[in-house]
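These protein sequences, in sequence, are chains A and B.
Count along the first sequence from 1, then add 53; that gives the number in this note's numbering.
Count along the second sequence from 1, then add 53; that gives the number in this note's numbering.
The beta-carbon is built from N, C-alpha and C at its ideal position, and this holds for glycine as well.
From a predicted model like this one, the values you see are computed outputs, not experimental measurements.
Structure first, then comments.
Number of protein chains: 2
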Amino acid sequence: MNLILLFKEDFVNGTGRARLQGRRLEHVLRVHRARAGDDLKVGLCGGKIGRGRIILLSEQCLEMDVALEEPAPPILPVTLAVALPRPAMLKRVLSCASAMGVKKILLFHSSRVEKSFWRSPALSRGAIHEQLVLGLEQACDTALPDVRLFTLFKPFVEDELPTIARGTRAFVGHPEAREACPGDIKEPATLVIGPEGGFVPFEINLLVSQGFVPVNIGKRILRVETAVPAFLSKMFY
Amino acid sequence: MNLILLFKEDFVNGTGRARLQGRRLEHVLRVHRARAGDDLKVGLCGGKIGRGRIILLSEQCLEMDVALEEPAPPILPVTLAVALPRPAMLKRVLSCASAMGVKKILLFHSSRVEKSFWRSPALSRGAIHEQLVLGLEQACDTALPDVRLFTLFKPFVEDELPTIARGTRAFVGHPEAREACPGDIKEPATLVIGPEGGFVPFEINLLVSQGFVPVNIGKRILRVETAVPAFLSKMFY
């Protein structure tokens with residue numbers, strides 16, 4: 054937690070005084086080992102970044118006076134569409150994408166996604182929110198990504214993706230692609246990452262028919278949780 | 054498991070017939086759902102890649118006739134030195150580095166590494182081997198990385214790193230570095246990644262005094278397991 058993410062409801066009505074309990078209090082006590090008078094890096098969800106000066110700190114509650122000054126860091130101009138990974142990996146992909154600055158995340162079904170993944174508690178609103186917040190806290194960002202779910206592949210690719218990808222460079226990660234993933238992209242992009250085991254030929258062909266260019270990131274087949282940071286880093290970092 | 058990694062001891066004496074039980078047999082039965090007569094992608098640890106034709110397959114044992122023809126994929130010309138991460142993250146870092154083609158991995162102590170991490174079962178020879186093999190199986194590689202442990206920071210940086218880094222471009226990942234990590238490196242490199250929470254100033258200074266150039270991968274502070282694929286991808290992919 055390199056930044057403590059605050060929400061409007063953390064603030065005492067109409068003041069700059071925030072009051073924390075639970076996980077964030079625990080972290081300040083056990084990891085930061087902070088004391089009254091210390092300054093902590095904070096940010097307001099959807100807003101600016103600044104400092105919180107601890108006024109009161111006990112095992113039950115933390116109160117701090119918050120001053121917000123700096124803007125949040127620049128975002129990555131990318132929409133990241135990932136075939137729904139298994140629950141443990143989903144968590145890591147969400148926090149990783151959130152930390153790296155992705156603001157639009159789409160999770161979609163595909164032939165090699167196990168149907169049971171869609172019933173996982175990791176897909177609940179709260180569980181997704183938690184991983185996104187962990188990513189923001191890690192990377193000192195405040196802008197919560199938007200996550201959307203698409204449980205049918207064909208309608209997603211045919212009816213949704215064309216609008217989403219309009220005006221962007223559209224890529225689909227594919228180990229067998231002839232073209233290498235370009236580096237140092239300056240324009241907005243849409244990046245589609247398939248499931249463990251890859252897309253089936255019908256799926257790749259449908260994506261290509263919608264204007265998505267298959268690109269590889271080397272000949273090695275990477276796990277989804279490795280492919281996501283590898284592609285994003287190559288393209289934008 | 055995109056490739057089944059075979060070891061010399063899997064082969065029936067002096068023949069091309071390999072006999073598998075345990076985890077690999079389980080995988081062929083439950084995930085590949087293969088049958089006698091099917092071909093599976095295999096590789097010999099430290100050797101070539103080819104096909105194994107299943108001769109016999111039961112719940113107890115798999116036998117296949119192995120033909121090895123292709124060379125293993127190119128390696129990344131990098132020595133990756135990582136401050137020892139907590140055990141769960143160590144596993145992911147090892148399998149990720151192994152999958153991405155790193156062949157020399159150094160784990161070292163630093164001020165923000167918890168001492169208890171050095172007593173974790175994840176550091177046993179067997180546990181490290183397991184993660185490296187998972188990475189090779191994922192990326193269809195056969196060359197097992199070499200992993201070395203250094204429990205003292207100063208002797209590691211002063212006495213070991215200079216020899217290890219000689220003739221390579223030497224970088225240390227550091228979010229506060231002014232210089233950005235270069236892309237598309239063609240020469241051998243040595244890349245040092247610090248612990249969660251970063252290096253303390255003394256450590257960065259000591260690395261700089263040994264010729265390591267601090268480089269950032271953007272302003273965002275990434276977790277070690279994200280920083281490793283992000284740096285490797287930016288530098289070499």
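Take B:I158 and list the residues in its own chain whose beta-carbon comes closer than 6 Å to its own, dropping the five residues that flank it on each side.
-> Position 105 of the second sequence, counted from the start, is the residue given in the question as residue 158 of chain B. So the qualifying residues of the chain are L133, A150, P198, V200.
Compare the C-beta of B:L214 with all C-beta atoms of chain A and state if any pair is closer than 8 Å.
-> Within the second sequence, residue 214 of chain B is the residue found at index 161, counting from 1. By this cut-off, B:L214 is not an interface position.
Is the CB of A:T279 under 8 Å away from at least one CB in chain B?
-> To locate residue 279 of chain A, count along the first sequence from 1; it is residue 226. Taking Cβ atoms only, chain B reaches closer than 8 Å to A:T279, which makes this a yes.
Touch test, the stretch 213-220 of chain A against the stretch 237-244 of chain A, Cβ-Cβ under 8 Å, three pairs minimum | yes
Please work out which residues of its chain come closer than 8 Å, Cβ to Cβ, to A:A87, disregarding the five sequence neighbours upstream and downstream, and give them in chain order.
-> Position 34 of the first sequence, counted from the first residue, corresponds to residue 87 of chain A. Counting only Cβ-Cβ distances below 8 Å, and skipping sequence neighbours, we find V81, L93, I107, L110.
Going along the stretch 260-277 of chain B in order, which residues come within less than 8 Å of chain A, judged by CB to CB distance?
-> I270, G271, K272, R273, I274, L275, R276
Neighbour list for A:G67 in chain B, Cβ cutoff strictly below 9 Å | Taking the first sequence and counting its residues from 1, one reaches residue 67 of chain A at position 14. Within 9 Å Cβ-Cβ: nothing; A:G67 doesn't reach chain B, min ~33 Å.
How long is the line joining the alpha carbons of A:T204 and A:A136, rounded to whole angstroms?
-> Walking along the first sequence from the start, residue 204 of chain A turns up at place 151. Walking along the first sequence from the start, residue 136 of chain A turns up at place 83. Answer to the nearest angstrom: the Cα atoms are 10 Å apart.
Look at A:E278 and A:V146 and say whether their C-beta atoms are less than 8 Å apart.
-> What you label residue 278 of chain A is simply residue 225 of the first sequence in a count that begins at 1. What you label residue 146 of chain A is simply residue 93 of the first sequence in a count that begins at 1. Contact flag set, yes.
Are the beta-carbon atoms of B:S308 and B:E256 separated by less than 8 Å?
-> The structure shown does not extend to residue 308 of chain B, since chain B is modelled only from 54 to 290, so the question has no answer here.
Counting only beta-carbon atoms, is B:S169 nearer than 8 Å to chain A?
-> For the purposes of this step, residue 169 of chain B is taken as the residue at position 116 of the second sequence. Chain A, which has no Cβ nearer than 8 Å to the Cβ of B:S169, makes this no.
Considering only C-alpha positions, which residue in the set B:A125, B:P140, B:L160 is nearest to B:M153?
-> Within the second sequence, the letter at position 100 stands for residue 153 of chain B. Considering only alpha carbons, the answer is B:A125.
B:E58 and B:C98 closer than 8 Å at C-beta = Within the second sequence, the letter at position 5 stands for residue 58 of chain B. Within the second sequence, the letter at position 45 stands for residue 98 of chain B. The identity of residue 58 of chain B in the sequence shown is Leu, whereas the question assumes Glu. In this structure, B:C98 lies closer than 8 Å to B:L58 by Cβ.
Contact list for A:P235 against chain B, beta-carbon separation under 9 Å = Reading the first sequence from its first residue, position 182 is the one you call residue 235 of chain A. Going along chain B, no residue has its Cβ under 9 Å from A:P235, so there is no contact; the nearest lies around 11 Å.
Might you give, ordered along the chain, the residues of its own chain that have their beta carbon closer than 8 Å to the beta carbon of B:G96, omitting 5 neighbours on each side?
-> As a working mapping, residue 96 of chain B is identified with position 43 in the second sequence. Closer than 8 Å at the Cβ level, and outside the excluded window around B:G96, lie L56, I57, L58, L59, I102, G103, L121, A125, L189, C193, D194, T195.
Nearest-angstrom Cβ-Cβ length linking B:A298 and B:I270, presumed shorter than 8 Å = Past the boundaries of the shown model lies residue 298 of chain B; chain B is included only from 54 to 290, so the question cannot be answered.
Flag A:M153 as yes if its beta-carbon sits less than 8 Å from any beta-carbon of chain B, otherwise no.
-> By one-based count along the first sequence, residue 153 of chain A stands at place 100. With 8 Å as the cut-off, A:M153 counts as an interface residue toward chain B.
What distance in whole Å lies between the Cβ atoms of A:F224 and A:V281, which are believed to be in contact at a cut-off of 8 Å?
-> Numbered from 1 along the first sequence, position 228 holds the residue referred to as residue 281 of chain A. Numbered from 1 along the first sequence, position 171 holds the residue referred to as residue 224 of chain A. Actually they are not in contact, since the Cβ atoms of A:V281 and A:F224 sit about 13 Å apart, beyond 8 Å.
Output the distance between the C-alpha atoms of B:L176 and B:P140, rounded to the nearest integer angstrom.
-> As a first step, residue 176 of chain B must be located in the second sequence, where it is residue number 123. As a first step, residue 140 of chain B must be located in the second sequence, where it is residue number 87. Approximately 8 Å, taken between the alpha carbons.
Check whether A:Y290 and B:K287 have beta carbons under 8 Å apart = Here residue 290 of chain A refers to the residue found at position 237 when the first sequence is read from its first residue. Here residue 287 of chain B refers to the residue found at position 234 when the second sequence is read from its first residue. Contact: yes.
A:I257 - DSSP class collapsed to helix/strand/coil = Here the question's residue 257 of chain A lines up with position 204 in the first sequence. Here A:I257 sits in helix by DSSP.
Could you please give the first and the last residue of the uninterrupted alpha helix (DSSP H) stretch that includes B:T68?
-> Locating residue 68 of chain B in the second sequence gives position 15, counting from the first residue. Annotation for B:T68: no alpha helix (DSSP H) segment contains it, and DSSP assigns it neither H nor E.
Any Cβ of chain A within less than 8 Å of the Cβ of B:K101?
-> Within the second sequence, residue 101 of chain B is the residue found at index 48, counting from 1. Answer no: the Cβ-Cβ gap between B:K101 and chain A never drops below 8 Å.
With B:V65 and B:R72 assumed to form a contact (beta carbons below 8 Å), what rounded beta-carbon distance in angstroms separates them?
-> By 1-based counting over the second sequence, the position of residue 65 of chain B is 12. By 1-based counting over the second sequence, the position of residue 72 of chain B is 19. Their Cβ separation, rounded to whole angstroms, is 6 Å, which keeps B:V65 and B:R72 in contact under 8 Å.
Using a Cβ cut-off of 8 Å (strictly closer), state whether B:Q191 contacts chain A.
-> Taking the second sequence and counting its residues from 1, the one referred to as residue 191 of chain B is at position 138. Taking Cβ atoms only, chain A reaches closer than 8 Å to B:Q191, which makes this a yes.
Alpha carbon to alpha carbon, how far is A:P174 from B:G100?
-> Against the first sequence, residue 174 of chain A aligns to sequence position 121. Against the second sequence, residue 100 of chain B aligns to sequence position 47. Rounded to whole angstroms, A:P174 to B:G100 spans 43 Å at the Cα level.
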